[in-house]
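In full-length UniProt numbering, the protein residues as written are 1 to 165.
What follows is a set of notes on a single structure, which appears directly below.
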Amino acid sequence: MAFPALTSYNNTMISEQELQQLVESISLESFSRPFLHQAKINRRLKTTGGRYQLSDHHLEFNPLFLKEENLHYLPGIIKHELVHYHLHLAGLGYQHKDRDFKLLLQKVGGSRYAPRLEGNKRSRWHYRCRQCGQDYWRQRQVNVKKYFCGRCRGKLKKIAGPLAK
Ligand SMILES: [Zn+2]
Ligand SMILES: [Zn+2]
1 MAFPALTSYN NTMISEQELQ QLVESISLES FSRPFLHQAK INRRLKTTGG
51 RYQLSDHHLE FNPLFLKEEN LHYLPGIIKH ELVHYHLHLA GLGYQHKDRD
101 FKLLLQKVGG SRYAPRLEGN KRSRWHYRCR QCGQDYWRQR QVNVKKYFCG
151 RCRGKLKKIA GPLAK
């Protein structure tokens, strides 16, 4: 069965450059300290909104939260990652279990967990064509043995979902 090519889904999403600017401005506003590293989009992030990379101090964000309809979650996610970032650079307790982390997270109003995408069930399941890279977003889980890409008839792989579980 061919997977119907779906292009009508709202694909408006902020760019990596816009993301970088947003992280920099939130850092100055909420932490009174500059963000001097890179903010990147990581399409492999599945269950988290973002990630702080200890080794080189860059931040990674889940593209689901860069989409227009989920953008309202983004400041909370950015603040969460910046709490890791600034505490780690300052040599303080930067892990979730640390008191420094909990206090600063509360102070700046960061998200505690990756937000549940309730009311936005359409984007819960994310598939990508192994051959042409076409993305598909579906409300329900898809049998990838039965359905294939509507563009090139390639096989699909599951990228993410369900985030809202
Ligand atoms: Zn965290
Ligand atoms: Zn394809």
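For each residue, glycine too, the CB sits at the ideal point set by N, CA and C.
{"Asked": "Can you give the Cα-Cα distance for L6 and I26, rounded to whole angstroms?", "Found": "Its pLDDT being 40, under 50, L6 is placed unreliably by the model, and nothing is read from it."}
{"Asked": "Cα-Cα, which of Q53, N70 and S111 is closest to I77?", "Found": "S111"}
{"Asked": "DSSP puts A90 in a beta bridge; with which residues?", "Found": "According to DSSP, which records beta bridges pairwise, A90 is partnered with nothing at all."}
{"Asked": "For a minimum of 4 consecutive residues, which ranges assigned as the alpha helix (DSSP H) are wholly contained in the UniProt domain \"SprT-like\" (17-159)?", "Found": "74-89 and 99-108"}
{"Asked": "List the whole-angstrom C-beta distance separating K79 from V108, where the pair is believed to meet the contact cut-off of C-beta under 8 angstroms.", "Found": "5 angstroms"}
{"Asked": "Quick one: residues with CB closer than 6 angstroms to any heavy atom of ligand 1, in chain order, please.", "Found": "H80, H84 and H96"}
{"Asked": "Should Q139 be listed as close to ligand 2, given that the test is whether its C-beta is under 8 angstroms from any heavy atom?", "Found": "no"}
{"Asked": "Whose beta carbon lies closer than 6 angstroms to any heavy atom of ligand 2, going through the chain in order?", "Found": "C129, Q131, C132, Q134, C149, R151, C152 and G154"}
{"Asked": "Could you pull out every residue in the same chain whose Cβ sits closer than 6 angstroms to the Cβ of Q17, ignoring the five residues on either side in sequence?", "Found": "none"}
{"Asked": "Does the beta-carbon of Q139 have 16 or more other beta-carbons within 10 angstroms, so that it is buried, or is it exposed?", "Found": "exposed"}
{"Asked": "Under the assumption that Y52 contacts F65 (Cβ atoms under 8 angstroms), give the Cβ distance between them as a whole number of angstroms.", "Found": "Actually they are not in contact, since the Cβ atoms of Y52 and F65 sit about 15 angstroms apart, beyond 8 angstroms."}
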